[in-house]
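Numbering (the working numbering), first residue to last: 3 to 32. Structure record follows, encoded as C-alpha cells.
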Amino acid sequence: MEQERVAIDKLHEIITEKVSMKTLLKKIID
3 MEQERVAIDK
13 LHEIITEKVS
23 MKTLLKKIID
C-alpha cells in the first residue's frame with residue numbers, strides 16, 4: 003500500500019515536471 007502511494011507521488015512529480023517544461027518552452031517560443 004505504501005509503495006503504491008510512493009509510485010503515484012513519483013508519477014505526479016514527473017507529470018508536473020513535464021507540464022512546467024512545456025510552459026517554459028511556450029514562454030521561450032512566444
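Cβ coordinates follow ideal geometry from the N, Cα and C atoms, glycine included. Predicted model, so just to flag it, every value in this text is computed and none were measured.
Original post:
Roughly how many whole angstroms lie between the Cα atoms of Thr25 and Lys12?
Top reply: 20 Å
Subject >> Near the ligand PLP: His14 beta-carbon under 7 Å from a heavy atom >> reply: The ligand PLP is absent from the structure shown, which contains no ligand whatsoever.
Original post:
For the alpha helix (DSSP H) that Asp11 lies in, which residues bound it at each end?
Top reply: Glu4 to Ile31
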